[in-house]
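In the working numbering, the protein residues as written are 413 to 1065. Ideal placement from N, C-alpha and C gives every residue a C-beta, glycine not left out. All remarks here apply to the structure that follows.
Structure representation (structure tokens):
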């Protein structure tokens, strides 16, 4: 019976496979794509990805059904949480200018299986985003013609009464996705030019909405007679915040396009900052205008802005808004169809997804197979699924990606840089020639039997410590942590921080409602998990981190990513249980794909480990002078040898 059980070495090797990280090329600017996008191109791409159906549809949906006029507060909180995540994306996009976005960022810092699951969820995120926008596009066009398209379809095709499915098949939404897919296939330059045209029209319409809306504003619509400013209370505001995350997915498009940017180190952080700031301001101001024009409980969730102008007697303004919103939604469709095939390409290029999706057309320099296949899948989703169910499903995938990217920032910031590893010599073995250290002094490298070479005769108070090592100020108090390999303690602390955040947010969300905890146990658990979160944060902060001025770095690490983690987890737990159920089913399908295909075809799996034959291990002992004394410690299977540089008195010491 025991022989059928896996050995510990096999389990260790299997776990190492699951958590292996991606090996980056020396020249990360080399690519098969066309680097033709400027900062303005990326900024407009991000604005186009964020300011679309979220502005014209989601504002009305959240205001009427979830938060009321307090949707303004929901957008403020969602914008702040998105800012924390956006800063993490900006640092990664500048440091790793490769397509793949959250998938790539997780792969280079956390591990393969986590990267695949994030990439798998990002695929669903973009497919749902494109399908939801297409249905909103169809609804707005239908409103221009007084819902004649909807009535014709229900009469001649039929209506459905199935949960999570649309009331009728939306052929118009599927058609616009197929047309957008055709345009995206022509290349990045054509996509960028179309995005510029539609973005210009969209921003003009937004300015018109704000000016005309403030003219028609009626403060009484926020009065208690109409239900007040926050009719659903704090719970409604936070639930609305979780749904409002759909509006800020667009900056992820910029990170996914970094491999096609001319100067990604500068363009990606700037484009993310500009686009997110403009989009957040637009959402807040439009929410103010919308809830002041008409009472929030009378809004039409499908076409709130256009319907509000119609009801105030400005039919021509409503027609203009509906036409402008269609142009805005076109930019979102282009952004989703632009990014999704590039995520698929990155996964296929790494061997984790089917190899056919890694083919790049030699003329257009875009992954045509991915564009066509996933364009068809988007069209199918838009044809049959309900918009609200799609939007909630989208939020959980986005929040999970934000959480892992924030954790990846902490892990990567406290790891040694690639240049810190000793370069191999001409024979393929680590060089033993002297090298200059960071402080300008001469450092000697020694061939080591293990990866941890202890240089114990150095004055620790004067040396410049590597990233991931304990800071000198904390060493007298946490000396037992100095024996770990740089970055190990930080990785464990990040895992502990995330577990504490999950437990803390679970108590906050479910403690009084679902768990019905007594006051004393509720308070005790809050204190315990808060202490666990704070202690993990302090333990991370007690270690050295990378300091680079070459690319953008998020400030206040690890505090900023930790705040992003806990806020994202809280918002995920506010989503409905049906959303989590559908999410779990999608994850199981992803695991089947990974263990059935990805783990065996991964390029990291094909990399042969370097064979190193080491006959001795060397440990440096402190001597009475500055001269080093080295003792050769042979493996147990070999006889002991004498001392290198024999000095019996020093060795006895």
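Given residue i as reference, the closest of the options once Cα atoms are compared
{"i": "residue 1000", "options": "533, 486 and 969", "result": "533"}
{"i": "residue 462", "options": "519, 542, 505 and 440", "result": "542"}
{"i": "residue 975", "options": "916, 450, 558 and 1014", "result": "916"}
{"i": "residue 778", "options": "594, 460 and 660", "result": "594"}
{"i": "residue 394", "options": "525, 600, 725 and 911", "result": "Nothing in the structure corresponds to residue 394, since the chain is present only between 413 and 1065."}
{"i": "residue 692", "options": "775, 761 and 466", "result": "466"}
{"i": "residue 451", "options": "439, 1018, 596 and 681", "result": "681"}
{"i": "residue 600", "options": "943, 798, 447 and 769", "result": "447"}
{"i": "residue 823", "options": "763, 904, 752 and 767", "result": "904"}
{"i": "residue 715", "options": "1011, 464, 654 and 980", "result": "464"}
{"i": "residue 621", "options": "559, 689 and 700", "result": "700"}
{"i": "residue 697", "options": "745, 487 and 539", "result": "487"}
{"i": "residue 953", "options": "988, 926 and 885", "result": "885"}
{"i": "residue 951", "options": "625, 969 and 935", "result": "969"}
{"i": "residue 649", "options": "986, 1012, 993 and 1018", "result": "986"}
{"i": "residue 536", "options": "1002, 1019 and 1011", "result": "1002"}
{"i": "residue 998", "options": "959, 531, 666 and 569", "result": "531"}
{"i": "residue 887", "options": "1016, 956 and 809", "result": "956"}
{"i": "residue 775", "options": "423, 422, 728 and 444", "result": "444"}
{"i": "residue 797", "options": "492, 540 and 477", "result": "540"}
{"i": "residue 772", "options": "457, 764, 766 and 781", "result": "781"}
{"i": "residue 509", "options": "666, 923 and 942", "result": "666"}
{"i": "residue 810", "options": "925, 984 and 470", "result": "984"}
Counted within 10 angstroms of its Cβ, other Cβ atoms place residue i as buried (16 or more) or exposed
{"i": "residue 895", "result": "exposed"}
{"i": "residue 512", "result": "buried"}
{"i": "residue 623", "result": "exposed"}
{"i": "residue 754", "result": "buried"}
{"i": "residue 990", "result": "exposed"}
{"i": "residue 638", "result": "buried"}
{"i": "residue 420", "result": "exposed"}
{"i": "residue 897", "result": "exposed"}
{"i": "residue 708", "result": "buried"}
{"i": "residue 722", "result": "buried"}
{"i": "residue 996", "result": "exposed"}
{"i": "residue 422", "result": "exposed"}
{"i": "residue 385", "result": "The structure shown has nothing for residue 385, since the chain only spans 413 to 1065."}
{"i": "residue 880", "result": "buried"}
{"i": "residue 431", "result": "exposed"}
{"i": "residue 891", "result": "exposed"}
Residue i versus residue j - alpha carbon distance
{"i": "residue 1067", "j": "residue 826", "result": "Past the edges of the chain, shown from 413 to 1065, lies residue 1067, and the structure says nothing about it."}
{"i": "residue 647", "j": "residue 656", "result": "14 Å"}
{"i": "residue 529", "j": "residue 616", "result": "39 Å"}
{"i": "residue 705", "j": "residue 633", "result": "7 Å"}
{"i": "residue 967", "j": "residue 495", "result": "12 Å"}
{"i": "residue 485", "j": "residue 455", "result": "25 Å"}
{"i": "residue 720", "j": "residue 606", "result": "29 Å"}
{"i": "residue 436", "j": "residue 758", "result": "13 Å"}
{"i": "residue 565", "j": "residue 789", "result": "22 Å"}
{"i": "residue 726", "j": "residue 527", "result": "50 Å"}
{"i": "residue 459", "j": "residue 812", "result": "22 Å"}
{"i": "residue 474", "j": "residue 480", "result": "7 Å"}
{"i": "residue 918", "j": "residue 911", "result": "11 Å"}
{"i": "residue 818", "j": "residue 557", "result": "45 Å"}
{"i": "residue 567", "j": "residue 578", "result": "15 Å"}
{"i": "residue 662", "j": "residue 744", "result": "8 Å"}
{"i": "residue 664", "j": "residue 900", "result": "29 Å"}
{"i": "residue 483", "j": "residue 732", "result": "24 Å"}
{"i": "residue 433", "j": "residue 751", "result": "23 Å"}
{"i": "residue 631", "j": "residue 703", "result": "9 Å"}
{"i": "residue 769", "j": "residue 439", "result": "23 Å"}
{"i": "residue 949", "j": "residue 1004", "result": "35 Å"}
{"i": "residue 477", "j": "residue 988", "result": "14 Å"}
{"i": "residue 1019", "j": "residue 1012", "result": "12 Å"}
{"i": "residue 1006", "j": "residue 929", "result": "40 Å"}
According to DSSP, residues forming a beta bridge with residue i
{"i": "residue 1013", "result": "The partner list for residue 1013 (beta bridge, DSSP) is empty, contrary to what the question assumes."}
{"i": "residue 752", "result": "In DSSP, residue 752 forms no bridge with anything."}
{"i": "residue 819", "result": "Answer is none; residue 819 lacks a bridge partner."}
{"i": "residue 493", "result": "Residue 493 is not bridged to any residue."}
{"i": "residue 577", "result": "797"}
Residue-level contact to chain B via CB, residue i, 9 Å cutoff
{"i": "residue 937", "result": "Absent from the structure: chain B. Only one protein chain is present."}
Is the stretch 421 to 428 touching the stretch 566 to 579, taking contact as three or more C-beta pairs under 8 Å?
Because the criterion of three Cβ pairs below 8 Å is not met, the stretch 421 to 428 and the stretch 566 to 579 do not touch.
Using 8 Å as the threshold, is the stretch 676 to 690 in touch with the stretch 513 to 528, meaning 3 or more CB pairs across them?
Segments in contact, no.
Quick check: the stretch 728 to 744 against the stretch 604 to 613, are at least 3 beta-carbon pairs closer than 8 Å?
Touching, yes.
Spell out a yes or no on whether the stretch 536 to 550 and the stretch 577 to 584 are touching, meaning 3 or more CB-CB pairs, one atom from each, closer than 8 Å.
In this structure the stretch 536 to 550 lies against the stretch 577 to 584, because at least three pairs of beta carbons, one per stretch, are closer than 8 Å.
Is it true that the stretch 789 to 798 meets the stretch 496 to 511, where meeting means three or more beta-carbon pairs spaced less than 8 Å apart?
Verdict: no, contact absent.
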